[in-house]
Amino acid sequence: MRAPRVLILLFVLFGAVAVLAEASADASTSVPPGFSTLSAEDEVKVKASAETFKFETEVNRMMKLIINSVYKSKEIFLRELISNASDAIDKIRFLALTNKKELDSASDLKITIVADKEKKTLTITDTGVGMTKKGLKDNLGTIAKSGTSEFLTSMEGNATADTNLIGQFGVGFYSVFLVADSVTVVSKHNEDKQYVWESTSENDFRIVEDPRGNTLGRGTQITLHLKEEALTYLNDKALRDLIHRYSEFINFPIYLWSSKTTSEEVPVDEDDEPETADADIEDVVDEDAKPKTKFVEKTAWDWELMNENKPIWTRRPSEVNEEEYTSFYKTFAKDTSAPLSYIHFRAEGEVDFRAMLFIPKSAPASFMQSSEEVLRSIKLFVRRVFITDEMSDLLPRYLAFLKGLVDSDDLPLNVSRETLQQHSILKVIRKKLIAKALEMFRNLATSDPEKYLEFYAEYGAALKVGVIEDRSNKNKLTKLLRFRSSASGEEFISLETYVARMKQGQKQIYFVTGEDIETLKKSPFVEKLIARGYEVLYMADPVDEYLSQSLDVFDGRKFQHVGK
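Position 523, counted from 1, in the sequence shown is what full-length UniProt numbering calls 523; the numbers after and before it change by one each time, with no gaps.
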């Protein structure tokens, strides 16, 4: 009776072969129909006719810094590319507000991602504004920012250079060389032909007209030729998790070319039956048995939408949890750390708008500078359409460290930035933003004093500038100040705390300014007051000398410099 066992074994083996054959056939569709990157033949043409350019010195230094430094998370490259793609789509959508024909070349505004394991490439494509030949040269060959050389000098030699600082400096594209040996950028702008940009992160890059002609319609396609140690980013699950982590709240659809494998029970055809010469098989065939079946694995490929959530700021604060706020902030602000605090609100009345403000854990580099480049901390949307991040008037200089957005239904869509800056509604929005920012600081000081001191260590100087410059909010800002004193030791105290424990009959708030606290403690004026039982505030920050000139009265008590 060995025949039935032989039959079963043959059936199992034959079925397994069928499963593998079908799965293999389906796997051949791992690249979407119509998907096009440069072929080997195209690459030869590109290399033969490309124009070669030298990277700007600062770009070379930046790429060496990125590649050679030790970074906590190399996967930020994907966050940077998706963010850039979103910005490019924002730009074309804004242009289309005044000229709908801008979208004729590609009306579907989206971002697509394709992982090709065979070629070891990862490709991100957007239908944004695209770049001209000049745009490719300028945007991907130079760093058009003031202070670049100084910034790089401060970062070089620091083996633990913070990727967050790189992101803040706005050169995120070059992070692709963390994971790629070479990069190919194909771009089509409405006002130019389609061009190819290539580089291997050496000293130069190449630009040439695309030998294939216009394959994009409009937009930009970036193909990363991954390093061996970065091939994990081609894994479907890893890629999906990464996109969700960094880009779930991008305002445009992000599609991943993704596979799903299912197991399906199908009948066994007669042709599939294994042949045997063993006549005893007939003896074990049961005429009443059910039709024979087998399980086959089928792999289906299709575009999968990665960011189904609507823009987070359009939802009620009660509908958004802290994890979602943190995820949004990291993507929005290109920051690797969670914010210290945030506020999400809707203003109604004279002006109807939604807004979100975040406090970065670390102070942005040179945020107290007055240049517009530094002050691009607030993004302005009108009816969910991104308009600009160049509205420096939305926040005063001392609050330029805040990151956030404003979305208004009351502002007109098709107006210039210059016209917007003069719009009366912006003055109302500015006033409300300042009030809400100060409310956020007060809430943090009340609910989490320890975290507030962490905030104050980073931004205390900015609050002091606010006291000096913002007369209308001077009292609110003064309450947010913290100082060490002759009675507090290492602890920072508020002016309210100082007043609450003033000596009976004391009518003045005593303070002293200087370069460092240890020197202030030895002042004979301070020692004399301490001996008489009075508490003295120590003001040793560089800005404190100017601050003291603006502090006149608090809670009915005048300020008195003990040395004057």
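Every residue, glycine too, gets a C-beta built ideally from N, C-alpha and C.
By the 10 Å Cβ neighbour count, where 16 or more other Cβ atoms means buried, how is Phe77 classified, buried or exposed?
-> Taking the first residue of the sequence shown as 1, we reach residue 77 at position 77. By the 10 Å Cβ count, Phe77 comes out buried.
Residue interval of the beta strand (DSSP E) (run including Tyr398) = Here residue 398 is taken as the residue at index 398 of the sequence shown, counted from 1. Element bounds for Tyr398: n/a, residue is neither H nor E.
Given that a residue counts as buried once 16 or more other Cβ atoms are within 10 Å of its Cβ, and exposed if not, what is Thr262?
-> Working through the sequence shown from its first residue, we reach residue 262 at position 262. Its Cβ having fewer than 16 others within 10 Å, Thr262 is exposed.
Exposure label - Ser327; buried when at least 16 CB within 10 Å = For the purposes of this step, residue 327 is taken as residue 327 along the sequence shown, with counting starting at 1. Buried.
When burial is assigned at 16 or more other CB atoms within 10 Å of the CB, is Glu229 buried or exposed?
-> The sequence position of residue 229 within the sequence shown is 229, counting from 1. Counting C-beta atoms within 10 angstroms of its own C-beta, Glu229 has fewer than 16 neighbours from the protein chains shown and is therefore classed as exposed.
Anticipated Cβ contact below 8 Å, Leu224 with Val179, distance rounded | Counting from one through the sequence shown, the residue named residue 224 turns up at place 224. Counting from one through the sequence shown, the residue named residue 179 turns up at place 179. Yes, they are in contact, since the Cβ atoms of Leu224 and Val179 sit about 6 Å apart, within 8 Å.
Got a sec? Which residues, its chain only, sit under 6 Å from Gly466 by beta carbon, not counting five neighbours each side?
-> Here the question's residue 466 lines up with position 466 in the sequence shown. Excluding its 5 nearest sequence neighbours in each direction, Gly466 has C-beta neighbours in its own chain below 6 Å: Tyr398, Leu477, listed in chain order.
N- and C-terminal bounds of the beta strand (DSSP E) containing Pro317 = Along the sequence shown, one-based indexing puts residue 317 at 317. From DSSP, Pro317 is part of no beta strand (DSSP E); its letter is neither H nor E.
When the Cα atoms are used, what is the spatial distance from Asp87 to Pro33?
-> Along the sequence shown, one-based indexing puts residue 87 at 87. Along the sequence shown, one-based indexing puts residue 33 at 33. Their Cα atoms are separated by approximately 27 Å.
Would you check if there are 3 or more beta carbon pairs closer than 8 Å linking the region 49-58 to the region 352-359?
-> no
Among Tyr546, Glu496, Gln560, which has the Cα closest to the Cα of Phe525?
-> Numbered from 1 along the sequence shown, position 525 holds the residue referred to as residue 525. Cα-wise, what sits closest to Phe525 is Gln560.
How long is the line joining the alpha carbons of Glu535 and Lys528, rounded to whole angstroms?
-> As a working note, residue 535 is residue 535 in the sequence shown. As a working note, residue 528 is residue 528 in the sequence shown. Answer to the nearest angstrom: the Cα atoms are 11 Å apart.
Taking only the alpha-carbon atoms, compute the straight-line gap between Ile312 and Val320 and give it to the nearest angstrom.
-> Translated into positions along the sequence shown, residue 312 becomes position 312. Translated into positions along the sequence shown, residue 320 becomes position 320. Whole-angstrom Cα-Cα distance: 8 Å.
Give me the Cα-Cα distance between Thr336 and Lys133, rounded to the nearest whole angstrom.
-> The residue you call residue 336 lines up with position 336 of the sequence shown. The residue you call residue 133 lines up with position 133 of the sequence shown. When rounded, the distance between both Cα atoms is 33 Å.
Bridge partners of Asp407, per DSSP?
-> Locating residue 407 in the sequence shown gives position 407, where the first residue counts as 1. Note: Asp407 sits in a beta bridge opposite Arg354, Phe381.
Compare the beta carbon distance of Leu81 and Ile207 with 9 Å and say whether it is the shorter of the two.
-> Here residue 81 corresponds to residue number 81 of the sequence shown, with the count starting at 1. Here residue 207 corresponds to residue number 207 of the sequence shown, with the count starting at 1. Their beta carbons are not under 9 Å apart, which means Leu81 does not touch Ile207 by this criterion.
Per-residue burial, Thr519 [other beta carbons within 10 Å of its own, 16 or more giving buried] | Translated into positions along the sequence shown, residue 519 becomes position 519. Its Cβ having fewer than 16 others within 10 Å, Thr519 is exposed.
Neighbourhood of Ala544 by C-beta distance below 6 Å, restricted to the same chain and skipping five residues each side | Along the sequence shown, one-based indexing puts residue 544 at 544. In the sequence as displayed, the identity of residue 544 is Asp instead of Ala. These residues qualify, in order along the chain: Thr513.
For the region 65-109, which segments carrying the beta strand (DSSP E) assignment without a break, of at least 3 residues, lie completely within its bounds, in sequence order?
-> none
Proximal residues to Ile493 (C-beta, below 7 Å), its chain only, five neighbours per side dropped = By 1-based counting over the sequence shown, the position of residue 493 is 493. If we look at Ile493 and ignore the five residues flanking it on each side, its Cβ neighbours are Arg482, Phe483, Ser485.
Below 8 Å on the Cβ atoms is my guess for Asn84 versus Phe173; work out the distance and round it to an integer in Å.
-> Start at 1 with the first residue of the sequence shown, and residue 84 comes out as number 84. Start at 1 with the first residue of the sequence shown, and residue 173 comes out as number 173. With a Cβ gap of about 6 Å, Asn84 and Phe173 count as contacting.
First and last residue of the beta strand (DSSP E) that includes Pro267?
-> Translated into positions along the sequence shown, residue 267 becomes position 267. That run of the beta strand (DSSP E) goes 254-267.
Round the Cβ separation of Ala445 and Leu480 to the nearest angstrom and send it over; I've been treating them as touching at under 8 Å.
-> Your numbering for residue 445 matches position 445 in the sequence shown. Your numbering for residue 480 matches position 480 in the sequence shown. Sure, about 7 Å apart at Cβ, within 8 Å.
Tell me whether Lys54 sits in a helix, a strand or coil according to DSSP, three-state version.
-> Numbered from 1 along the sequence shown, position 54 holds the residue referred to as residue 54. DSSP places Lys54 in strand when its eight states are reduced to three.
Can you give me the Cβ contacts of Ser550 inside the same chain, cut-off strictly under 8 Å, excluding the 5 residues immediately before and after it?
-> Numbered from its first residue, the sequence shown carries residue 550 at position 550. These residues qualify, in order along the chain: Val467, Ile468, Lys474.
Only counting runs of 3 or more residues, tell me where the beta strand (DSSP E) segments fall wholly within the region 505-542, in order along the chain.
-> 508-513, 537-539
Classify Ala500 as buried or exposed, calling it buried when 16 or more other Cβ atoms lie within 10 Å of its own Cβ.
-> For the purposes of this step, residue 500 is taken as residue 500 along the sequence shown, with counting starting at 1. Taking all protein chains shown into account, Ala500 has fewer than 16 neighbouring C-beta atoms within 10 Å of its C-beta and is therefore exposed.
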